[in-house]
Amino acid sequence: DESEWYGPFNALLNHVFPMDEDYVLVPQYKGQEHLKSVDFTTIFVVRRAKHPVLFVKINATGHIHKASQRAAADQQMQDQYFNLFN
């Protein structure tokens, strides 16, 4: 379950991108519309002067074992990048 990583990532990103240097960490929650159960994805977006500088999507570790799953994750991150700037 990827939710166990939300706290550590939140702490790490707030440490590396401190608010006193005008960075803002903005967790974004998105429901999975194609699923019948309630399933949410959390994407951490770091912004400076209202511009995104980094975004992180956390998945369970089972997603890294197959090349096809890594390729699908890469495509999702590219799609997220374009959504941030459009």
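Okay, so the sequence shown: first residue is -2 according to our numbering, each after it adds one. All C-beta atoms, glycine included, are put in the ideal place defined by N, C-alpha and C.
With fewer than 16 other Cβ atoms from the protein chains shown falling within 10 Å of its own Cβ, F79 counts as exposed.
Secondary structure of H12 (DSSP, three-state): helix. A8 and H48 have their C-alpha atoms spaced approximately 21 Å apart.
When the Cα atoms are used, A69 and D19 turn out to be separated by approximately 33 Å. Shortest Cα-Cα distance from R45 to any of M74, L22, Y3, L81 involves L22.
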